[in-house]
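S.K.:
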Amino acid sequence: MRVALKLAYIGTEFHGSQIQPSVETVEKELFKALRNLRIIESPKSANYICAGRTDAGVHALGQVIAFDTDRPNLAIPRIINSGLPPTIWVWAHAEVPYDFDARRHAVSRHYRYVISGEGYDISKMREASKLLLGTHDFENFSRSNGEKSTVRTLERINVRVDGDITKIDVVGNSFLWNMVRKIVTALSMIGKGVRDNDWLIQMLNPDIYEEGIEPAPAYGLTLMGVNYGEEINWIEDNYSILRASDQNSKRILRYRVMAEVLEELIYHE
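For any residue, its number in our numbering is found by taking its place in the sequence shown, counting from 1, and adding 4.
1. Please classify T16: is it buried, with 16 or more other beta-carbons within 10 angstroms of its beta-carbon, or exposed?
2. Which residues mark the beginning and the end of the alpha helix (DSSP H) in which R255 is found?
3. Tell me whether the beta-carbon of L208 lies closer than 8 Å to the beta-carbon of S133.
4. Does the segment 202-219 come close enough to the segment 165-174 to have 3 or more Cβ pairs within less than 8 Å?
5. Among V230, R255, I256 and D125, which residue has its Cα nearest to the Cα of R107?
6. Going by beta-carbon coordinates alone, are Y259 and K196 separated by less than 8 Å?
7. Which one or two residues does DSSP pair with R156 in a beta bridge?
8. With a threshold of 16 other CB atoms inside 10 Å of the CB of G121, please say whether the residue is buried or exposed.
9. Go ahead and pull the three-state DSSP assignment for L88.
10. Just to confirm, is the Cβ distance from F104 to R39 under 8 Å?
11. Smallest Cα separation from T157: which of H114, A222 and L9?
12. With a cut-off of 8 Å on the beta carbons, I'd call I43 and A79 a contact; round off their distance for me.
13. When we look at the beta-carbon of Y223 and count the other beta-carbons within 10 Å, is it buried (16 or more) or exposed?
14. Could you say if the segment 132-146 and the segment 174-191 meet the contact criterion of at least three C-beta pairs nearer than 8 Å?
15. If the criterion is Cβ atoms closer than 8 Å, does the pair F35 and P47 meet it?
16. Give the straight-line distance between the Cα atoms of R82 and H97, rounded to the nearest whole angstrom.
17. Alpha carbon to alpha carbon, what distance is there between I245 and Q67?
18. On a Cα-Cα basis, can you pick out the residue from S153, G167, F179 and I205 that is closest to E159?
19. I'd like to check one pair, L204 with L137: are the Cβ atoms closer than 8 Å?
20. Please report how far the alpha carbon of N237 lies from the alpha carbon of N177, in whole angstroms.
21. At 4 residues or longer, and completely inside the segment 55-140: list those alpha helix (DSSP H) runs for me, N to C.
22. When we look at the beta-carbon of S86 and count the other beta-carbons within 10 Å, is it buried (16 or more) or exposed?
23. Nearest-angstrom Cα distance between V265 and R255?
24. Run through DSSP, which three-state label would T29 get?
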C-alpha cells in the first residue's frame, strides 16, 4: 500500500527538511522513526517522495510525504509520532495510488511569512504584491540551485495586519530556492519606502535588470500546505493534533516569558 502523510515541524533546530550527512534534519528523524517502527526498510525501497524541501530554520504545518509500506496499520500519526521528537509530528494520513508523487502531483503550495514590527505602509505592500501575480521570471528573487527555469506562477498574495504582526501569504505552483523570503524582503522595502513599484517591475525583468537582495530570516516562514488536483481522503488524527496543540501552547508561554526577559536585558541608562 502507498501512504501519504501530513507532517508538521518547528524548523528552528534543523538544517532543513532534506536529509544531509552529519547534520540534524527533519528527514533524518523521520527516516529513523519509520525504520525503527519497521514501517519501511529504507526511503529508496519504499519509493519515498516529499512534496518539497524547506530550508534550514523554516517551519511547516502541511508538508506532505508519501511512501510504500507492507504495514499500513502502523503508518498512522499516533504510532509514527511515538518515534519522533516533539518538534516534529504527523497529524493526518491517507491511502493513495501507487503512482502518487507528492512533489510532481502538487498543484500549488501555500507559504506564510510573519513579520514583527511596525512602520510598514500596508497599502503600498498590497499594491506592490499585485505586480507579482501571474507568471514571471523570478531569477532576481532566488538563489541559483541549478533550476533549468526560473519562471514561476503566483496565484495569490495576501498581506494583512494582526496587531503589531504582519502576515504575508503566498500561493503558487512551485517556488525557487529562497523565493518567498526574497519576495518578503522586496515587499518590506516597499512598505518602508526604501523602494517603489517601478523598482519591483524592473526586478521581474532579469534580462535587463539584475540585483541581489537578501532573503528575509528563515524563522518567519512556514509551509502551510500543499494542494493536489486529485481528491485525497485525508484522515486527521485528533489525538495527535490535540497533543501537538498542547505542546505548542507550552512553548508559546515559554517564548512570551523569554521575550520579556530579553527586554529586561536591554541596557537602559
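Ideal Cβ positions, reconstructed from N, Cα and C, are used throughout, including at glycine.
Everything numeric in this text was worked out from a predicted model, so none of it was measured.
M.R.: In short, the structure shows the following:
1. exposed
2. N242 to E268
3. no
4. Judged by Cβ distances under 8 Å, the segment 202-219 makes no contact with the segment 165-174, as fewer than three pairs qualify.
5. V230
6. no
7. H140
8. Exposed, because fewer than 16 other Cβ atoms sit within 10 Å of the Cβ of G121.
9. coil
10. no
11. Ranking the options by Cα distance to T157, first place goes to H114.
12. 5 Å
13. exposed
14. Pairwise C-beta distances place the segment 132-146 in contact with the segment 174-191, as three or more of them are shorter than 8 Å.
15. yes
16. 10 Å
17. 15 Å
18. F179
19. no
20. When rounded, the distance between both Cα atoms is 22 Å.
21. 81-85 and 126-136
22. The residue is exposed, with fewer than 16 neighbouring Cβ atoms inside 10 Å.
23. 15 Å
24. It is coil, neither helix nor strand.
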